[in-house]
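Asks: Please see the structure below; I have some questions.
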Amino acid sequence: MKILSLADAANIHTQKWARYLASRGHELEIISFKPAKLDHIQIHYIDVGVVRPEGGNWHCLFGLPAARRHILRMAPDLVFCHYLTSYGLIGALLKSSLPLVMWLHGTDILVTPDRSPLYRLMARYALARSDLIIMAAPHMKRRVQQLVGGGKCTIVVPIGVELRKFNHTIPSERKELTCISNRRLLKNSNVGLILEAIAHIRHIQPGVHLTIVGDGPLKSDLETMVHRLDLAPWVTFLGEVPNEAMSDLLRGHSLYLSATSSDGTSISLLEAMACGAFPIVSDITANRPWISSGANGFLVPSDRPDLFARRILEAFESPQLLTSARTINWDIVKERGDYLVTMERAEQAVEQLLDGDTHKLAH
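Residue numbers 86 to 448, in this note's numbering, belong to the letters of the sequence shown in order.
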């Protein structure tokens, strides 16, 4: 296949999908509003200014003419967009007779359309123009149907985990009483709640330590919160780290903490499970298919820092639970979250679309 993708080329999920397609012999080019380099893949960087992760990037529309020129030059078999209300909108505006595939990741369908009537209109337009919608989790389909009704070709495919890299079988030194949070520092991630939980338990377990990985617009606010709660000795901000380093970080921590308000399928969670970090995560629809509370992790309401604290203490006091959860979680991720398997499912769906064999896809 000749595929032109509209996506953030610096995003690890885009890169995993691109590398998979290249390994399968497909011809792929990427139009991106962020610069990046990928071996054997041509990236067309369109400079539209700063692209903010929290949204409001209307100026990306200035990239329409350049994107159109690349489509005409390449003459691809289809256009593939990652993220609904940015690159997806651009793809929908440029749609001609080429099939348009939309891959929804979570926030783009579950949160952004509710920010304003304009965002909802943008989401509906992009979905309506799509010929195939791939989504990271089953609960996202209900939101698609609310916005554009039924009748669309859809398939549920989580991005998946590269198990050769993310696994708990590689020897590493796991430090006791350590927690890691690696979600972007955005409002939806509720990292402040995790800080409050650490403040609850630092006197009970003075050896506890939280590593915060990642960056985002709330970093300064969270650093201020650490000082206000007098948590500096118990919290480390690492900032952005290469994806290659994330597996060692996860293997080196006992607990994985995430308090997101909404999500698709959290690849961060699956990577933590594969690496043997015990998950304590928000009790939301996205996490329930993966975590059985009390067996292979804990599910906690995302507005209860006291309960997060209680579960952290319970996990630290239950080494046998942590050990058994590592085996359970590794089996779950191998069975349902192997990147090579999920990527193949997405590839087959796109091939079926091009062949006109869409009766196998859900409507």
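Don't be surprised by glycine CBs; every beta carbon is placed ideally from N, CA and C.
Taking Leu295 and Val320 to be in contact with their CB atoms under 8 Å, please state how far apart those CB atoms are, rounded to whole angstroms.
Replies: 5 Å
Asks: Helix, strand or coil for Trp188? Go by DSSP, reduced to three states.
Replies: strand
Asks: Would you give the residue range spanned by the beta strand (DSSP E) that Lys260 belongs to?
Replies: Lys260 to Ser266
Asks: Does Leu316 come out as helix, strand or coil in the three-state DSSP assignment?
Replies: coil
Asks: Buried or exposed, going by whether 16 or more other CB atoms sit within 10 Å of the CB of Ala152?
Replies: buried
Asks: Could you give the distance in angstroms between the alpha-carbon of Cys238 and the alpha-carbon of Val426?
Replies: 20 Å
Asks: Check for me: the alpha helix (DSSP H) holding Cys360 runs from which residue to which?
Replies: It spans Ile352 to Cys360 - the alpha helix (DSSP H) in which Cys360 sits, taken as one unbroken run.
Asks: Please report the distance separating the alpha-carbon of Val246 from that of Ala94.
Replies: 18 Å
Asks: Between the C-alpha atoms of Ile283 and His111, what's the straight-line distance to the nearest angstrom?
Replies: 47 Å
Asks: Could you round the C-beta distance between Asp349 and Val366 to whole angstroms and report it? I think they count as a contact, below 8 Å.
Replies: The residue you asked about is not Asp; residue 349 is Gly in the sequence shown. A Cβ-Cβ distance of about 14 Å is found for the pair Gly349 and Val366, leaving them out of contact under the 8 Å criterion.
Asks: Under the rule that 16 or more other beta-carbon atoms within 10 Å means buried, what is Thr345, buried or exposed?
Replies: So Thr345 ends up on the buried side.
Asks: When DSSP builds the beta bridges, which residues end up paired with His167?
Replies: Trp188
Asks: So what does Pro87 bridge to, in DSSP terms?
Replies: Per the sequence shown, the amino acid found at residue 87 is Lys instead of Pro. Residue pairing by DSSP places Lys87 opposite Glu112 in a beta bridge.
Asks: Starting from the C-beta of Arg336, find all residues in its chain whose C-beta is less than 8 Å away, skip the five residues before and the five after it, and write them out in chain order.
Replies: His253, Ile255, Ser257, Arg259, Cys360, Gly361 and Ala362
Asks: Figure out for me which residue from Leu307, Ser182, Phe147 and Gly324 has the closest Cα to the Cα of Ser171.
Replies: Phe147
Asks: Alpha carbon to alpha carbon, how far is Arg287 from Ala208? Give it in angstroms, no decimals.
Replies: Taking the straight line joining both Cα atoms gives about 44 Å.
Asks: With which residues is Gln231 paired in a DSSP beta bridge?
Replies: Paired residues: none, contrary to the question.
Asks: Helix, strand or coil, according to DSSP, for Ser346 in the structure here?
Replies: DSSP places Ser346 in coil when its eight states are reduced to three.
Asks: For His190, which of Thr99, Ala330, Asp315 and Arg373 has the nearest alpha-carbon?
Replies: Selected option, being the one with the closest Cα: Thr99.
Asks: Who are the near neighbours of Leu407 in its chain, counting only those whose CB is closer than 7 Å to its CB and skipping five residues on each side?
Replies: Ser339, Phe363 and Ala400
Asks: DSSP on His129, reduced to helix/strand/coil?
Replies: If DSSP states are grouped into helix, strand and coil, His129 belongs with the strands.
Asks: Buried or exposed: which applies to Ile376, given that a residue is buried once 16 or more other Cβ atoms fall within 10 Å of its Cβ?
Replies: buried
Asks: Who pairs with Met452 in a beta bridge, going by DSSP?
Replies: Limits of the chain in this structure are 86 at one end and 448 at the other, which puts residue 452 out of reach.
Asks: For Pro120, is the classification buried or exposed, using 16 other Cβ atoms within 10 angstroms of its Cβ as the cut-off for buried?
Replies: exposed
Asks: I need the DSSP call for Leu303, collapsed to helix, strand or coil.
Replies: coil
Asks: Should Leu206 go down as buried or exposed, given a rule of 16 or more other Cβ atoms within 10 Å for buried?
Replies: Classification of Leu206: exposed, given that the 10 Å Cβ count is below 16.
Asks: Nearest-angstrom Cα distance between Asp216 and Glu329?
Replies: 34 Å
Asks: Leaving aside the five residues before and after Leu149 along the sequence, list all residues of the same chain whose C-beta is less than 8 Å from its C-beta, in chain order.
Replies: Closer than 8 Å at Cβ, skipping near neighbours: Ile175, Leu178 and Leu179.
Asks: Could you give the distance in angstroms between the alpha-carbon of Leu392 and the alpha-carbon of Ala107?
Replies: 45 Å
Asks: Do you know offhand how far Ala371's Cα is from Ala222's?
Replies: 7 Å
Asks: Between the Cα of Arg109 and those of Pro302, His125, Ile116 and Ser117, spot the shortest distance and give me the residue it belongs to.
Replies: His125
Asks: What residues in its chain sit with their C-beta under 6 Å from that of Ala211, if we drop five residues either side in the sequence?
Replies: The residues Leu169, Gly173, Leu174 and Ala177, in chain order, have a CB closer than 6 Å to that of Ala211 in the same chain once the five nearest residues on each side in sequence are set aside.
Asks: So the candidates are Ile194, Leu278, Val385 and Glu261; which of them puts its Cα closest to the Cα of Gly292?
Replies: Glu261
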